[in-house]
Structure formats: structure tokens, C-alpha cells
Amino acid sequence: MKTMRSTPPDRILATDRLVLRPAELSDAPAIAAGLDDFEVTRWLARVPFPYSLDEAERFLVWERGQRWGGEDRVFIVDRNGPIGLVSLRGRGADPVLGYWLSRQHWGQGLMSEAVAAVVDDAFADPMIETIQSGVFEGNQRSLAIQTKLGFEIIGHSRQHNLALRRDLDHIDTQLTRTRHAEFKS
């Protein structure tokens, strides 16, 4: 049986421009502001629109429980304050990657930088073989991030989108340990 290495709940990653750190309750206003933007939430499966401060606070309380339970890895993307989030959800060999970035920070390569750091950190765990992800059809920016990092399209599905309140076409992607190593070399 494969088990994930113990990831400290206070784990911090750093890149040239960003700090990826655990979420804090004080991040709630920035999370609420970032996710109360339809152009952000329309691309996310499990985030309703509109998105309130109460929802952000509930998420952060829930996330703290997940963090200490070891099920998920959630990082706040911080650049002089919270600007987004990257998560790896699920315990075991095939976690699911998700991410979002406040719209005013789009187009600067920040999410590519953040996702690359989390993916590199994940593959430092010898138990992780594959990272699953995907995007809703039409989300070319997010698909470009994944393609740049070596993710491959493995299929298409339908997923429910809370913000749009309907099922949408979804492009399913994955990054294997072997392909990650090829892209890093």
C-alpha cells in the first residue's frame, strides 16, 4: 500500500516572486475578493458565485481541518498579500491539482510559477506517481499552464460548475512522474 509522506501542515514553499504558505483565517477577505469575480469562478468547479466573506471563512476553517488531517495540501499564493491558491487534493499516489489567481494578477506568469513549485514539491514524495488535473473547455490560460509543465490531455468528461449551475465539458489532464522528470531536464 502506498502512503503519502507526512507533509508538515505549516509547509512553506518559495519561488523568485512568491511565497506559497498555509492559509490563515486572516486571508478570508482576500480570498472572498478574488473569488467574488465571475471571470475567476466561472472556470472553477466547486466555487459558487457570488462568493462571500462567510464562505471564505468557512472554507478556511474546513481547510485547517484537512491540513491537520493530512488529506490535502493547500497553499495560499502570496505576493505581498494573498493573490490566489494552489491545492493538491486527495491522499495517495494520484492527487488532484487545482488553482486560481485573482484576475488583476493574470498574464504575469505568477500561476505558472506557483503551480510549478507545488508540482515539484509533490514529486519529491516518492509515493506520488501521477498528478491529475483538468480545465473546463475554453479555459486556454489554465490549459497553457498545464501544458507548459508537461501535463497531457487524457480525455474529456462532463463536470458540474457551481458558478454557472450546470454541467460543462471538461478536459482531463495528468502529469506522470516520468514526464515531469523529462520536462525538468
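When we follow my numbering, the leftmost residue of the sequence shown carries the number 111, and every step to the right adds one. In this text, a Cβ means the ideal position worked out from N, Cα and C, and glycines have one as well.
Neighbour-count burial assignment, residue i, 16 or more Cβ in a 10 Å radius
{"i": "residue 135", "result": "exposed"}
{"i": "residue 208", "result": "buried"}
{"i": "residue 284", "result": "buried"}
{"i": "residue 197", "result": "buried"}
{"i": "residue 252", "result": "buried"}
{"i": "residue 137", "result": "buried"}
{"i": "residue 232", "result": "buried"}
Residue i - containing beta strand (DSSP E), residue span
{"i": "residue 262", "result": "262-271"}
{"i": "residue 208", "result": "206-211"}
{"i": "residue 280", "result": "276-286"}
{"i": "residue 246", "result": "240-246"}
{"i": "residue 184", "result": "182-188"}
{"i": "residue 129", "result": "129-131"}
Cα-Cα separation between residue i and residue j, rounded to whole angstroms
{"i": "residue 132", "j": "residue 277", "result": "31 Å"}
{"i": "residue 239", "j": "residue 206", "result": "12 Å"}
{"i": "residue 113", "j": "residue 200", "result": "Any reading at residue 113 needs caution, since the residue's pLDDT is 32, under 50, leaving its predicted position unreliable; the model's value is listed next. Roughly 11 Å between the two C-alpha positions."}
{"i": "residue 146", "j": "residue 139", "result": "10 Å"}
{"i": "residue 288", "j": "residue 241", "result": "11 Å"}
{"i": "residue 243", "j": "residue 282", "result": "6 Å"}
{"i": "residue 260", "j": "residue 159", "result": "31 Å"}
{"i": "residue 148", "j": "residue 292", "result": "36 Å"}
{"i": "residue 191", "j": "residue 218", "result": "16 Å"}
{"i": "residue 212", "j": "residue 262", "result": "25 Å"}
{"i": "residue 189", "j": "residue 124", "result": "10 Å"}
{"i": "residue 267", "j": "residue 130", "result": "30 Å"}
Continuous alpha helix (DSSP H) stretch holding residue i: start and end
{"i": "residue 192", "result": "It is not in any alpha helix (DSSP H) - residue 192 instead sits in the beta strand (DSSP E) that spans 192-199."}
{"i": "residue 251", "result": "250-258"}
{"i": "residue 221", "result": "220-233"}
{"i": "residue 140", "result": "138-145"}
{"i": "residue 148", "result": "148-151"}
Nearest residue (CA-CA) to residue i, options the options
{"i": "residue 257", "options": "245, 268 and 144", "result": "245"}
{"i": "residue 171", "options": "159, 160 and 184", "result": "184"}
{"i": "residue 202", "options": "249, 236 and 259", "result": "236"}
{"i": "residue 195", "options": "264, 143 and 294", "result": "143"}
{"i": "residue 161", "options": "175, 251, 250 and 141", "result": "141"}
{"i": "residue 157", "options": "289, 269, 293 and 248", "result": "269"}
{"i": "residue 247", "options": "265, 232, 260 and 233", "result": "265"}
{"i": "residue 279", "options": "255, 286 and 249", "result": "249"}
{"i": "residue 295", "options": "255, 230 and 254", "result": "230"}
{"i": "residue 126", "options": "220, 215 and 175", "result": "220"}
Inter-stretch contact (C-beta, 8 Å, three-pair minimum) for the segment 261-273 and the segment 148-156: yes
At least three beta-carbon pairs within less than 8 Å, the segment 160-170 to the segment 222-234: no
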